[in-house]
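Only one structure is covered here, and it is reproduced in the block below.
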Amino acid sequence: MTALIPALAICLFLAGCTSAGHAQLPLNQQPFAFVDAKSGEPIGRVLIVPEYSSSKGVASGAGHGPGYMTHSLSVAFPFVYSTGERFAVTQPDSKGLVLGRPAVVFVGQGVSVKGVIVIAPGYRSLWLWKLWERPTNTRVPLEPLNHNEAELHRRRLNDLLGAARISGAELTEPERLMFSVIKDFDIDVRFNEAERQVVRSFLKP
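Residues 138 to 342, numbered by my numbering, are exactly what the sequence shown covers, in order.
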């Protein structure tokens with residue numbers, strides 16, 4: 138990275154460099170309660186697909202200010218969540234240096250959880266971003282679909298999450314809301330083979 142050399146010079150001049158490490162606040166791992174929006178009955182198992190925002194380059198203010206950054210979105214680390222379990226979404230470490238004391242410049246790649254997509258058979262999938270400050274056992278209602286709607290939705294999710302990249306321009310407006318993306322952005326699907334099998338198994342008829 139061409140910006141790394143002057144950044145390291147700044148680091149030496151300011152006599153302070155620290156690893157970025159775990160830059161985002163820890164998520165609240167208290168259980169969620171996913172329920173049927175009509176009956177209020179609990180939904181036992183849902184598929185959680187975390188979405189991440191990544192920024193790479195150099196920025197002021199430890200990564201929060203202006204600079205020379207490229208930005209990307211990805212989904213990764215999907216898991217099946219059962220009611221009552223702790224809500225343990227993976228939070229990758231940022232890779233880079235925070236320069237200066239107090240923080241003046243960030244150099245590297247910052248990764249943060251943007252939110253998660255909640256998927257349950259027979260229900261409309263939902264974007265969920267209130268993952269930090271929230272009440273214990275927060276109830277999240279999911280909208281039930283009729284049989285035909287549910288089957289079309291399942292097939293569409295299977296196609297989208299089975300691809301290598303999701304194009305924002307090719308999503309419908311409800312789908313863009315589901316992935317919290319605008320049409321100008323794409324989302325990389327960064328599942329390993331075991332994770333792809335988890336998704337396939339959950340979305341099978």
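Don't be surprised by glycine CBs; every beta carbon is placed ideally from N, CA and C.
Short of 7 Å from the beta carbon of VAL250, and not among the five residues preceding or following it, lie these beta carbons of its own chain, in chain order: GLN161, LEU164, PRO187, TYR189, VAL226, GLN228 and LEU268.
ASP230 and SER192 have their alpha carbons spaced roughly 13 Å apart. Remark: C-beta atoms of ARG292 and LEU279 do not approach each other more closely than 8 Å. Around the beta-carbon of LEU308, 16 or more other beta-carbon atoms lie within 10 Å, marking it buried. For the pair ALA213 and PHE328, the CB atoms are nearer than the 8 Å cut-off. By DSSP's assignment, ASP321 forms no beta bridge with any residue.
Contact annotation, TRP264 with GLY247: C-beta distance approximately 22 Å; criterion of less than 8 Å not satisfied. The beta-carbon distance between VAL172 and ARG276, rounded to whole angstroms, is 6 Å. This is short enough to meet the 8 Å contact definition. For GLY221, the closest alpha carbon among the candidates LEU294, ILE324, GLU310 and THR273 is that of THR273.
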